[in-house]
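Chemist: Our numbering applies: residue 88 is where the sequence shown begins, and numbers increase by one.
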Amino acid sequence: MPVAGGEVHPAGLADLLRSLRCLDNHQDIGRVCVEKVSSMPKQGVASTFKFGTGWGMVRGVCAALGASVVLVPSTIWKKRVLLGLPHDKAGAVQFCTSRWPTADLVLPGCRVPHDGIADALCLAEYGRLLEQRP
Numbered sequence: 088m089p090v091a092g093g094e095v096h097p098a099g100l101a102d103l104l105r106s107l108r109c110l111d112n113h114q115d116i117g118r119v120c121v122e123k124v125s126s127m128p129k130q131g132v133a134s135t136f137k138f139g140t141g142w143g144m145v146r147g148v149c150a151a152l153g154a155s156v157v158l159v160p161s162t163i164w165k166k167r168v169l170l171g172l173p174h175d176k177a178g179a180v181q182f183c184t185s186r187w188p189t190a191d192l193v194l195p196g197c198r199v200p201h202d203g204i205a206d207a208l209c210l211a212e213y214g215r216l217l218e219q220r221p
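Dropping the structure here:
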């Protein structure tokens, strides 16, 4: 996710989605799967507002680019993608390193795979599987 100053960078996200569109000139991005989220107990008001603002920016950028947004609860995509694996962060990392061995899940300056990147890849895989439905 393109971030600037600790917040979602809308122009960067739009550029990223446009670059994905360019990978296949014959097909537009029809839909984007976004995890359906809700507030968490005991989470502060400021952090909840900041998170919601970022989530709204993602939906807004998708709408501006003409891509429909499919909200998917984590329980749904995990059940479909993480077959035979734990339905947690470690399971997502394990799936991604097996499915895409060349994908770099380790951010610069870190030593362990980033579970947020793994979750994003799993959600994208869920979207790909939706496209294959008869």
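Glycine included, every Cβ here is placed at the ideal spot set by N, Cα and C.
From a predicted model like this one, the values you see are computed outputs, not experimental measurements.
Along the chain, where does the alpha helix (DSSP H) that runs through Val-159 open and close?
Modeler: Element bounds for Val-159: not the alpha helix (DSSP H) but the beta strand (DSSP E), 155-160.
Chemist: Is it right to say Pro-160 is buried, meaning 16 or more other beta carbons lie within 10 angstroms of its own, or is it exposed?
Modeler: Answer is exposed; the Cβ neighbour count stays below 16.
Chemist: Would you identify the three-state DSSP class for Ala-190, choosing helix, strand or coil?
Modeler: In the structure shown, Ala-190 sits in coil (DSSP, three-state: anything other than H, G, I, E or B).
Chemist: Between Arg-155 and Pro-173, what straight-line distance do the alpha-carbon atoms span, to the nearest angstrom?
Modeler: Note on identity: in this sequence residue 155 is Ser, with Arg being the wrong assignment. So the two alpha carbons sit approximately 30 Å from each other.
Chemist: Starting from Lys-129 and walking both ways along the alpha helix (DSSP H), at which residues does that stretch end?
Modeler: Lys-129 -> no alpha helix (DSSP H), and no H or E assigned at all.
Chemist: Given Leu-103, which residues of its chain have a CB within under 8 Å of its CB, disregarding the five upstream and five downstream residues?
Modeler: Closer than 8 Å at Cβ, skipping near neighbours: Pro-89.
Chemist: For a minimum of 3 consecutive residues, which ranges assigned as the beta strand (DSSP E) are wholly contained in the segment 165-209?
Modeler: As far as the segment 165-209 is concerned, it has no whole beta strand (DSSP E) run of at least 3 residues.
Chemist: Note down, in chain order, each residue of its chain lying with its Cβ closer than 8 Å to the Cβ of Val-193, except the 5 sequence neighbours on either side.
Modeler: Taken in chain order, the residues that qualify are Val-199, Pro-200, His-201.
Chemist: For Arg-146, which of helix, strand or coil comes out of DSSP?
Modeler: If DSSP states are grouped into helix, strand and coil, Arg-146 belongs with the helices.
Chemist: Going by DSSP, what residues sit across from Ala-91 in a beta bridge?
Modeler: According to DSSP, Ala-91 bridges with Glu-94.
Chemist: Give me the residue from Ser-185, Val-148, Val-180, Arg-186 with the minimum Cα distance to Val-121.
Modeler: It is Val-148.
Chemist: With burial defined as no fewer than 16 other Cβ atoms inside 10 Å of the residue's Cβ, what is the status of Glu-94: buried or exposed?
Modeler: The residue is exposed, with fewer than 16 neighbouring Cβ atoms inside 10 Å.
Chemist: Relative to the C-alpha of Asp-183, which residue among Leu-210, Ile-163, Ser-126, Val-157 is closest?
Modeler: For the sequence presented, residue 183 should be read as Cys rather than Asp. Nearest option by C-alpha distance: Leu-210.
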